[in-house]
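All residue numbers for the sequence shown refer to numbering that gives the first Met the number 0, where the first residue is 0 and numbers rise by one.
Glycine included, each C-beta is placed from N, C-alpha and C at the ideal position.
If you're wondering where the values come from, they're calculated on a predicted model, not measured in any experiment.
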Amino acid sequence: MDVVINGQKRSLRDGMTLRDLVIELELEGKPIAVEVNREVVPKTRFAATALRDGDRLEVVSLVGGG
């Protein structure tokens, strides 16, 4: 299946969840926010959120500092 992540087209295997994608992107455990089709998905729902062909995702890494 094909999705768009932060404006870039990417092919993923069928049946992937948002949690699978976070692991594949090596972002697990990092402070991130993810939006799927303009809806923010809480981290508690990553494993239950199935990705579908044509989904548009925005993945934002949170950084701190002063």
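The alpha helix (DSSP H) spanning arginine 18 covers which residue range? Per DSSP, arginine 18 belongs to the alpha helix (DSSP H) from 17 to 23.
Between the alpha carbons of lysine 29 and leucine 56, how many angstroms are there, rounded? When rounded, the distance between both Cα atoms is 17 Å.
Please say whether threonine 43 and threonine 16 have beta carbons closer to each other than 8 Å? Between threonine 16 and threonine 43, the C-beta gap is not smaller than 8 Å, which leaves the two residues out of contact.
Three-state class that DSSP yields for arginine 37 in the structure shown: Shown here, arginine 37 sits in coil according to DSSP, grouped into three states, outside any helix or strand.
Where does arginine 44 fall in DSSP's three states? Note: arginine 44 maps to helix in three-state DSSP.
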